[in-house]
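In our numbering, the protein residues as written are 135 to 358.
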């Protein structure tokens with residue numbers, strides 16, 4: 135099959151027979167779905183995965199063409215990673231751009247006057263429903279000191295570093311940066327910069343792939 139410019143991932147729900155929660159966590163749950171690929175009851179599969187609220191991440195770019203990186207410790211990896219500001223979409227009904235602005239202020243003490251969408255992706259679609267949107271934030275300004283968020287726990291150790299965008303992209307390609315949002319966001323921003331950031335989607339562009347934007351049939355409805 136020859137690739138064309140029109141190819142794209144597509145919404146393709148299969149018949150849900152049963153969905154149950156196996157584990158309830160503080161932030162995400164583990165669920166088990168029983169479903170049919172073909173609609174035939176004889177072709178039934180079971181898949182367990184993390185039910186995740188999704189997240190936003192921000193490539194903050196200053197007027198010198200530098201991207202802001204944060205150094206933060208991550209227990210599952212056992213490493214301190216260079217990342218971009220990011221956070222969970224764990225406030226029900228919160229606008230996606232508002233969530234990104236909140237995270238930029240909380241983690242980086244910054245505001246942005248312009249927001250564009252860089253890239254959308256699923257972090258691990260075979261094992262999690264986590265959808266991530268990465269924004270490009272420009273027209274950067276500092277949050278006044280008396281209005282800054284008090285960072286606690288791992289966030290209290292955050293270090294900030296402004297890095298030239300092409301240097302950051304080189305660090306990704308050399309295997310020195312591993313956080314998925316940083317990898318995807320930096321490379322997307324470096325690509326977009328070569329065309330002067332033309333053609334980027336606006337910050338309020340639809341995000342139909344996020345679970346909150348998709349309609350889900352109940353197991354009972356699916357069984358009809």
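Here a beta-carbon is modelled for each residue, glycine too, at the ideal position from N, C-alpha and C. From a predicted model like this one, the values you see are computed outputs, not experimental measurements.
Problem set entry | With 16 other Cβ atoms within 10 Å as the buried cut-off, status of residue 308 | exposed
For this session: Just tell me which of 284, 217, 215 and 316 has its CA closest to the CA of residue 243.
Result: 284
Exercise. In terms of residue numbering, what span does the alpha helix (DSSP H) encompassing residue 238 cover?
Worked result: 230-242
For this session: Please work out which residues of its chain come closer than 7 angstroms, Cβ to Cβ, to residue 317, disregarding the five sequence neighbours upstream and downstream, and give them in chain order.
Result: 306 and 311
Problem set entry | Nearest neighbour of residue 204, chosen from 194, 346 and 341 [CA to CA] | 194
Problem set entry | 8 angstroms CB neighbourhood of residue 218 in its chain, flanking five on each side removed | 191, 192, 193, 194, 201, 202, 203, 204, 268, 313, 315, 316, 319 and 320
Problem set entry | Whole-angstrom distance between residue 175 and residue 333, CA atom to CA atom | 45 angstroms
Problem set entry | Those residues which DSSP pairs with residue 334 across a bridge | Answer is none; residue 334 lacks a bridge partner.
For this session: Taking only beta-carbon positions, decide if residue 154 is within less than 8 angstroms of chain C.
Result: The structure shown has no chain C; it contains just one protein chain.
For this session: Give me the Cβ distance between residue 328 and residue 250, rounded to the nearest whole Å; I'm assuming they're in contact under 8 angstroms.
Result: Contact flag wrong, Cβ pair sits at about 15 angstroms.
Exercise. Does the beta-carbon of residue 180 have 16 or more other beta-carbons within 10 angstroms, so that it is buried, or is it exposed?
Worked result: exposed
For this session: For the beta strand (DSSP E) holding residue 171, just list the boundary residues, first then last.
Result: No beta strand (DSSP E) contains residue 171, which DSSP labels as neither H nor E.
Problem set entry | Euclidean distance between Cα positions of residue 330 and residue 199 | 11 angstroms
Exercise. Who are residue 317's beta bridge partners in DSSP?
Worked result: Partner(s): none; residue 317 has no beta bridge.
Problem set entry | Burial state of residue 161 (16 or more Cβ within 10 Å) | exposed
Problem set entry | Distance between residue 224 and residue 184 (C-alpha atoms, nearest Å) | 15 angstroms
Problem set entry | Limits of the beta strand (DSSP E) - the one that residue 193 falls within | 189-194
Exercise. Are residue 188 and residue 265 touching if we call contact CB-CB under 8 angstroms?
Worked result: yes
Exercise. In its own chain, which residues sit with a C-beta less than 7 angstroms from the C-beta of residue 262, not counting the 5 before and 5 after it?
Worked result: 183, 184 and 186
Problem set entry | Contact set for residue 324: own chain, Cβ-Cβ below 8 angstroms, skip 5 residues either direction | 299, 300, 302 and 303
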